[in-house]
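Student: Starting off with a structure, shown below.
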DNA sequence: GACGATACGGACCACGGGTCCGTTTTGCAA
DNA sequence: TTGCAAAACGGACCCGTGGTCCGTATCGTC
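Protein chains in written order, with this note's numbering: chain Y, 52 to 254; chain V, 52 to 254.
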């Protein structure tokens, strides 16, 4: 588990270079699985040893890259203004969160794909999933009439799975805005049926 | 694409043996990825050549096994009695279909897992997914007030993804019946909000 | 029983992840 | 500035796995 910071500037520079190179490769190449660790090392102008020392293993590299790219959204969610931030009413924040997730996966298709399925072990063990899930769950909990917010959170997140997004955007050529609208619609429908009858105009 | 039938009895016997051995191994072993092709061959008492000739590649073996195990459900869906068969009213059949999918993945966790993520390329290219999706879509289409039945079908199926099921059943120790109830609930909620207001008591 | 066709099976290959260790760089301190 | 130990470098190397090849064994037919 070699994940602690180094103070040496060459180490830092190399880490940066690897991250950049990997990002470039993942967006460029068709499928995540044909970007090899040796490729990344070469593209970063670095030896394989360096790369593995810095990130542990392939999964570690993916995780680091993903986390880095996710950072802005994480901040927006944790301390930002509505509609993502904490000061948002639940029935608005839930669609916003899922939309953010969708957009992220649209913007980083290959990367999300690589991490979400290629990564040894299910995506559900990753702690970034844990974070999204427990947040979503907590927000759902505040919506009256929705029990099973745990399962519901899983199910909603499943609708933004990277490979589904990739399939729709890639194979089926569904445009970005269409997909966002469809997801928003779907989420609305799930939330709408809280207390069996209740027109949207209230509060 | 070596997939056509052979008339030679040793070939048939071996094919059977491989299928059985693979099934056994997948259910026994913890994770699908630590059952290797060599393992399967050995367990079936067969050479690797035989195995690859019969199924083409790993994905082919998985597909064949999955298809075989799925057969009963396929028949029940295509020509069986309600609630799975074609003579079922849509708002009953949809939950039934998803419940069947869930139960199948519960009964064949490792296998579904292996096929759904390990298989080269996304699960969304597999034609068995295509079948489930287009069927579900068609049924959804008959429910008034649901537009986007295409996306909705994807989203609902995503709630039964093998790795999610595995996570819930394995890590979280959610009991089978609980999970079924949660899914049923969720599906109901999605369907319920068709025409914005409509109490459940009608026809 | 013989013979062509078909299947068998394990040695063999390619390739990708991950390791090792002699060499180089860095930062500190004398 | 020079000395030096600690840290990082990098590419040769190892190993396991999917997949291939081809000489040999089996099948089924005449």
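Think of the CB as a built atom: it goes at the ideal place given N, C-alpha and C, for glycine as much as any other residue. Remember, it's a predicted structure, so these values are computed and weren't measured experimentally.
Is there contact here, the region 221-238 of chain V with the region 163-172 of chain V, by at least three beta-carbon pairs under 8 Å?
Tutor: Short answer: they don't touch.
Student: For residue 207/Y, which residues from the same chain have a beta carbon less than 7 Å from its beta carbon, with the 5 sequence-adjacent residues on both sides left out?
Tutor: Residue numbering aside, residue 207/Y sits at position 156 when the first chain is read from its first letter. If we look at residue 207/Y and ignore the five residues flanking it on each side, its Cβ neighbours are 149, 187, 238, 241.
Student: Ignore the nearest five residues each way along the sequence and tell me which others in residue 97/V's own chain have a CB closer than 7 Å to its CB.
Tutor: Along the second chain, read from residue 1 onward, the residue named residue 97/V stands at position 46. Excluding residues within five positions, the ones whose Cβ falls inside 7 Å are 65, 68, 69.
Student: Going by C-alpha distance, which of 77/V, 233/V, 89/V, 120/V is nearest residue 210/V?
Tutor: Position 159 of the second chain holds residue 210/V. If we check each option's Cα against that of residue 210/V, 233/V comes out closest.
Student: For residue 214/V, is the classification buried or exposed, using 16 other Cβ atoms within 10 angstroms of its Cβ as the cut-off for buried?
Tutor: Numbered from 1 along the second chain, position 163 holds the residue referred to as residue 214/V. Its Cβ being crowded by 16 or more others within 10 Å, residue 214/V is buried.
Student: Roughly how many angstroms lie between the CA atoms of residue 151/V and residue 185/Y, to the nearest whole one?
Tutor: As a working mapping, residue 151/V is identified with position 100 in the second chain. As a working mapping, residue 185/Y is identified with position 134 in the first chain. Rounded to the nearest angstrom, the two C-alpha atoms are 28 Å apart.
Student: Name, please, each residue of chain V whose Cβ falls closer than 9 Å to the Cβ of residue 85/Y.
Tutor: Position 34 of the first chain, counted from the start, is the residue given in the question as residue 85/Y. The premise fails here: residue 85/Y is roughly 11 Å from chain V at the closest Cβ pair, so nothing lies under 9 Å.
Student: Which ranges does the alpha helix (DSSP H) cover as unbroken runs of at least 4 residues, wholly within the region 202-234 of chain V, from first to last along the chain?
Tutor: Complete alpha helix (DSSP H) runs here, min 4: 213-217.
Student: Taking the C-alpha atoms as reference points, what is the distance between residue 126/Y and residue 231/V?
Tutor: To locate residue 126/Y, count along the first chain from 1; it is residue 75. To locate residue 231/V, count along the second chain from 1; it is residue 180. The straight-line gap from Cα to Cα measures roughly 36 Å.
Student: Report buried or exposed for residue 87/Y, applying the criterion of at least 16 other Cβ atoms within 10 angstroms of its Cβ.
Tutor: To locate residue 87/Y, count along the first chain from 1; it is residue 36. Counting Cβ neighbours within 10 Å, residue 87/Y comes out exposed, since fewer than 16 surround it.
Student: Beta carbon of residue 216/Y, beta carbon of residue 145/Y: below 8 Å?
Tutor: On the first chain, position 165 is the one that residue 216/Y refers to. On the first chain, position 94 is the one that residue 145/Y refers to. Contact: no.
Student: Is the separation between the beta-carbon of residue 113/Y and that of residue 91/Y shorter than 8 Å?
Tutor: Residue numbering aside, residue 113/Y sits at position 62 when the first chain is read from its first letter. Residue numbering aside, residue 91/Y sits at position 40 when the first chain is read from its first letter. No, these two residues do not count as a Cβ contact at 8 Å.
Student: What are the residues in the region 203-228 of chain V lying within 8 Å of chain Y by C-beta distance?
Tutor: Taking 8 Å as the Cβ-Cβ cut-off against chain Y, the residues of the region 203-228 of chain V that qualify are 203, 205, 206, 209, 210, 212, 214, 215, 217, 218, 219, 222.
Student: Could you give the DSSP three-state label for residue 197/V: helix, strand or coil?
Tutor: In the second chain, residue 197/V corresponds to position 146, counting from 1. Here residue 197/V sits in coil by DSSP.
Student: Suppose you measure from the CA of residue 194/Y to the CA of residue 140/Y; what does that come to, to the nearest Å?
Tutor: Counted from its first residue, the first chain places residue 194/Y at position 143. Counted from its first residue, the first chain places residue 140/Y at position 89. So the two alpha carbons sit approximately 9 Å from each other.
Student: Please identify the residue among 85/V, 74/V, 102/V whose C-alpha is closest to the C-alpha of residue 327/V.
Tutor: What the structure shows of chain V is the stretch from 52 to 254, and residue 327/V is not part of that stretch, so it cannot be assessed.
Student: Should residue 60/Y go down as buried or exposed, given a rule of 16 or more other Cβ atoms within 10 Å for buried?
Tutor: As a working mapping, residue 60/Y is identified with position 9 in the first chain. Answer is exposed; the Cβ neighbour count stays below 16.
Student: Is residue 159/Y helix, strand or coil when you go by DSSP?
Tutor: Counting from 1 along the first chain, the entry for residue 159/Y is found at position 108. Residue 159/Y: coil per DSSP, three-state reduction.
Student: In chain order, which continuous runs of the alpha helix (DSSP H) of length 4 or greater are located wholly inside the region 112-196 of chain Y?
Tutor: The region 112-196 of chain Y contains these whole alpha helix (DSSP H) runs: 141-158, 160-164, 178-192.
Student: Do residue 74/Y and residue 121/Y have their C-beta atoms within less than 8 Å of each other?
Tutor: In the first chain, the residue the question calls residue 74/Y occupies position 23. In the first chain, the residue the question calls residue 121/Y occupies position 70. Taking 8 Å as the Cβ cut-off, residue 74/Y and residue 121/Y do not qualify as a contacting pair.
Student: Could you tell me the alpha carbon to alpha carbon distance between residue 164/V and residue 78/V, rounded to whole angstroms?
Tutor: Counted from its first residue, the second chain places residue 164/V at position 113. Counted from its first residue, the second chain places residue 78/V at position 27. If you take the alpha carbons of residue 164/V and residue 78/V, they lie about 11 Å apart.
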